[in-house]
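Okay, so here's the structure we're looking at.
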Amino acid sequence: MSQAQQRPALEAIGISAGYGGRAVLENISLTLGEGEIVTLVGHNGAGKSTLMRVLFGLHRPDAGRIRVFGQELPNHSPAALGAAGLALVPEGRGVFPDLTVDEIFGLALWAAAVPKQERAERIEEVLTLLPRIRDFRTRRAGTLSGGQQQMVSIARALLTRPRALLLDEPSIGLAPKLFQDLLAPIAALRDSRGIAILLVEQNVREAFAISDRVLAMKSGAIIEEGPPSAFSDHARLMELF
Amino acid sequence: MTAPLLICEGLSRSFGGVKAVAGVSLSLTAGMVTALVGPNGAGKTTCFNLITGNLRADAGKAMLRGQSIMGLKPHQVARQGVARSFQDLRLFTHMSVRDNVLAATETSAWFWQPGGAAARRAREAATEEALARTGLTALAEARAMDLAYAERKFLSMARILAARADIWLLDEPASGLDLSSRRRFGELLKEARRQGVAICLIEHNLDVVTELADRIAFLDQGKVLAEGEPEAILRDPKLAAIYFGDREDAA
Ligand SMILES: Nc1ncnc2c1ncn2[C@@H]1O[C@H](COP(=O)(O)OP(=O)(O)OP(=O)(O)O)[C@@H](O)[C@H]1O
Ligand SMILES: [Mg+2]
Numbered sequence: 001m002s003q004a005q006q007r008p009a010l011e012a013i014g015i016s017a018g019y020g021g022r023a024v025l026e027n028i029s030l031t032l033g034e035g036e037i038v039t040l041v042g043h044n045g046a047g048k049s050t051l052m053r054v055l056f057g058l059h060r061p062d063a064g065r066i067r068v069f070g071q072e073l074p075n076h077s078p079a080a081l082g083a084a085g086l087a088l089v090p091e092g093r094g095v096f097p098d099l100t101v102d103e104i105f106g107l108a109l110w111a112a113a114v115p116k117q118e119r120a121e122r123i124e125e126v127l128t129l130l131p132r133i134r135d136f137r138t139r140r141a142g143t144l145s146g147g148q149q150q151m152v153s154i155a156r157a158l159l160t161r162p163r164a165l166l167l168d169e170p171s172i173g174l175a176p177k178l179f180q181d182l183l184a185p186i187a188a189l190r191d192s193r194g195i196a197i198l199l200v201e202q203n204v205r206e207a208f209a210i211s212d213r214v215l216a217m218k219s220g221a222i223i224e225e226g227p228p229s230a231f232s233d234h235a236r237l238m239e240l241f
Numbered sequence: 001m002t003a004p005l006l007i008c009e010g011l012s013r014s015f016g017g018v019k020a021v022a023g024v025s026l027s028l029t030a031g032m033v034t035a036l037v038g039p040n041g042a043g044k045t046t047c048f049n050l051i052t053g054n055l056r057a058d059a060g061k062a063m064l065r066g067q068s069i070m071g072l073k074p075h076q077v078a079r080q081g082v083a084r085s086f087q088d089l090r091l092f093t094h095m096s097v098r099d100n101v102l103a104a105t106e107t108s109a110w111f112w113q114p115g116g117a118a119a120r121r122a123r124e125a126a127t128e129e130a131l132a133r134t135g136l137t138a139l140a141e142a143r144a145m146d147l148a149y150a151e152r153k154f155l156s157m158a159r160i161l162a163a164r165a166d167i168w169l170l171d172e173p174a175s176g177l178d179l180s181s182r183r184r185f186g187e188l189l190k191e192a193r194r195q196g197v198a199i200c201l202i203e204h205n206l207d208v209v210t211e212l213a214d215r216i217a218f219l220d221q222g223k224v225l226a227e228g229e230p231e232a233i234l235r236d237p238k239l240a241a242i243y244f245g246d247r248e249d250a251a
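One line per chain: the protein sequences are A and B, in this order. Just so you know, we're using full-length UniProt numbering here: the first sequence kicks off at 1 and counts up by one. Just so you know, we're using full-length UniProt numbering here: the second sequence kicks off at 1 and counts up by one.
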């Protein structure tokens, strides 16, 4: 499908960012079309997670502009972005250990101002994608296994029915079967609901299978862009990793 | 064949109704990498917790060099030469990279070395060596929280290296690493194996397992369903179904 005529879900223009003087991102521009699935590949340290954090308002860029569904938000904070329809599954989960899974879901739904009567339906919807969560809904997240926590982190992001989803290494901690079982239905949300997805993932084979486009990052810059087929060759990937 | 360094028999632990670990027997031998593989929630991390004293076992025993380590506190097990890493890393995020490694030498087998300035110097030397081997020397002054994900994983490995333990329990140390980092991690592991460390590796990426493991123990619902050579385990269609679903190119 062609993305050019679609309104972008996310536009980043000239983003530069770093940590205490160390430049990590240099003049990055990217567009995520509405309903588009884009995979971001590159070495550890190429700047992928920093870019995700900047896009979600968790790290302040030194320069650049970000537009979400055509709008530049006055306050580029996670809360404002959430309200605008963006959700992030961060690298390394970050669920509240002292809350139960149901409490975490409740908090996410409350924060997204989902009306009370709709909440149960939202949770059901997500549990269809991640049925294993049913086994531990009443448990405190801190007592869950690593993979179970990652499931909760992904579920929490999906609960808000985001229109654009940022997924930073969602496979970390998940057994291969579970990850596969998850990717296809997430990709299907694009077809059913037009959700846009920006995906950082080391399992490129699985990621490319659902992607429209691939962006390759190196040393804080996007060095290449194209359809997954242009990157599928093993030698090309070895270069980029 | 050398006798195993660590032998676990019938380890069990339930949480409420959930049998997280249900009679696991496992042994770790010097110079061998045993991979613990299995679905999410299979009980892999809990096994580590039972060995290291982070959790009490309901039943079963763990013998280290012929002596029981059941009931010991985590720092006591560490002092006997068992080093572990955590799935969520558990670094001292506000401390420098160097101090994170130095701290690991203080809660390890090193504790029993003669005290005083000589011991301190030896620990500092081990710290620098571990930083160098994990490629973190240039970042030694950085706060752990300012490191990128892969760097934090290597910091966790540096802590293991500096502890000079002869048993390593590694919980998903390679997840999220790119190919070249994974290769570097593999070299660290192979080097330790050559030096006779007994290694247990929890890992979901089967490329990593195939490359590094001498044996696989396949865990599901708290039980070891199969144990043996990697090729045999990975070819078993029953295990593949549990772990991969029905993907063709799985095994
Ligand atoms: N403190 C606890 N309280 C209650 N249940 C627990 C506790 N710790 C672990 N469990 C449960 O025991 C089971 C085994 O957990 P464990 O962390 O050992 O799994 P794992 O094999 O390491 O999984 P993963 O691959 O997801 O990390 C899971 O169902 C988990 O939710
Ligand atoms: Mg685990």
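Here a beta-carbon is modelled for each residue, glycine too, at the ideal position from N, C-alpha and C.
(message) For ALA251 of chain B, would you say it is in contact with chain A, using Cβ-to-Cβ distances shorter than 9 Å as the test?
(response) With a pLDDT of 32 at ALA251 of chain B, under the threshold of 50, the predicted position of this residue should be treated as unreliable, and no value is reported.
(message) In whole angstroms, give me the CA-to-CA distance for ALA4 of chain A and HIS94 of chain B.
(response) With a pLDDT of 45 at ALA4 of chain A, under the threshold of 50, the modelled position of this residue cannot be trusted; read the value that follows with caution. ALA4 of chain A and HIS94 of chain B: Cα-Cα distance of roughly 45 Å.
(message) Quick check on ARG247 of chain B - is its C-beta less than 9 Å from some C-beta in chain A?
(response) Confidence at ARG247 of chain B is low in this model, with a pLDDT of 40, below 50, so the placement of that residue should be treated as unreliable; the coordinate-derived value is given next. So yes, ARG247 of chain B belongs to the interface.
(message) Suppose you measure from the CA of ASP171 of chain B to the CA of ASP88 of chain B; what does that come to, to the nearest Å?
(response) Cα to Cα, ASP171 of chain B sits roughly 9 Å from ASP88 of chain B.
(message) Once DSSP output is grouped into helix, strand and coil, what is the label at PHE231 of chain A?
(response) Coil at PHE231 of chain A, not helix or strand.
(request) Could you tell me which residues DSSP pairs with LYS19 of chain B in its beta bridges? (result) In DSSP, LYS19 of chain B forms a bridge with B:SER14.
(message) Tell me whether THR34 of chain B, by its Cβ, gets closer than 8 Å to a heavy atom of ligand 1.
(response) Because no heavy atom of ligand 1 lies under 8 Å away, the Cβ of THR34 of chain B does not count as near it: no.
(request) Quick one: using the 10 Å Cβ neighbour count with 16 as the cut-off for buried, is GLY17 of chain B buried or exposed? (result) Per the 10 Å Cβ criterion, exposed.
(message) When you compare the CB of ASP171 of chain B with every CB in chain A, is at least one pair closer than 9 Å?
(response) True, the Cβ-Cβ gap to chain A drops below 9 Å.
(message) Residues around ligand 2, please: the ones whose beta-carbon is closer than 7 Å to some heavy atom of it, in chain order.
(response) Chain-ordered list of matching residues: A:SER145, A:GLY146, A:GLY147, B:LYS44, B:THR45, B:GLN87, B:ASP171, B:GLU172 and B:ILE202.
(message) How far does the beta strand (DSSP E) with ILE216 of chain B in it extend, from its first residue to its last?
(response) Per DSSP, the unbroken beta strand (DSSP E) holding ILE216 of chain B starts and ends at 215-220.
(request) Give a single yes or no on whether LEU169 of chain B has its beta carbon closer than 8 Å to a heavy atom of ligand 4. (result) The model depicted lacks ligand 4 and carries ligand 1 and ligand 2 instead.
(request) Please state whether DSSP places SER181 of chain B in a helix, a strand or coil. (result) DSSP, read as helix, strand or coil, puts SER181 of chain B in helix.
(request) Label SER2 of chain A either buried or exposed according to how many other C-beta atoms from any shown protein chain fall within 10 Å of its C-beta, with 16 as the threshold for buried. (result) Low confidence applies here, because SER2 of chain A scores a pLDDT of 45, under 50, leaving its location unreliable; read the following figure in that light. By the 10 Å Cβ count, SER2 of chain A comes out exposed.
(request) May I ask you to check if the CB of THR138 of chain A is nearer than 8 Å to at least one heavy atom of ligand 1? (result) Every heavy atom of ligand 1 is 8 Å or more from the Cβ of THR138 of chain A, so no.
(request) Give a yes or no on whether 9 Å exceeds the smallest Cβ distance from GLN3 of chain A to chain B. (result) Confidence at GLN3 of chain A is low in this model, with a pLDDT of 45, below 50, so its placement is unreliable and no value can be given for it.
(request) Give the residues of chain B in contact with ILE172 of chain A, contact being defined as C-beta atoms less than 7 Å apart. (result) Within 7 Å Cβ-Cβ: SER175 and GLY176.
(message) Quick check: what's the CA-CA separation for ASN49 of chain B versus ALA30 of chain B?
(response) Their backbone Cα atoms lie some 21 Å apart in a straight line.
(request) May I have the straight-line CA-CA distance separating ALA198 of chain B from ARG137 of chain A, to the nearest angstrom? (result) Each residue's alpha carbon lies about 37 Å from the other.
(message) Using a Cβ-Cβ distance cut-off of 9 Å, determine whether SER145 of chain A contacts chain B.
(response) SER145 of chain A counts as touching chain B.
(message) Taking DSSP's pairing of strands, which residues face TYR19 of chain A in a bridge?
(response) TYR19 of chain A pairs with A:ARG22.
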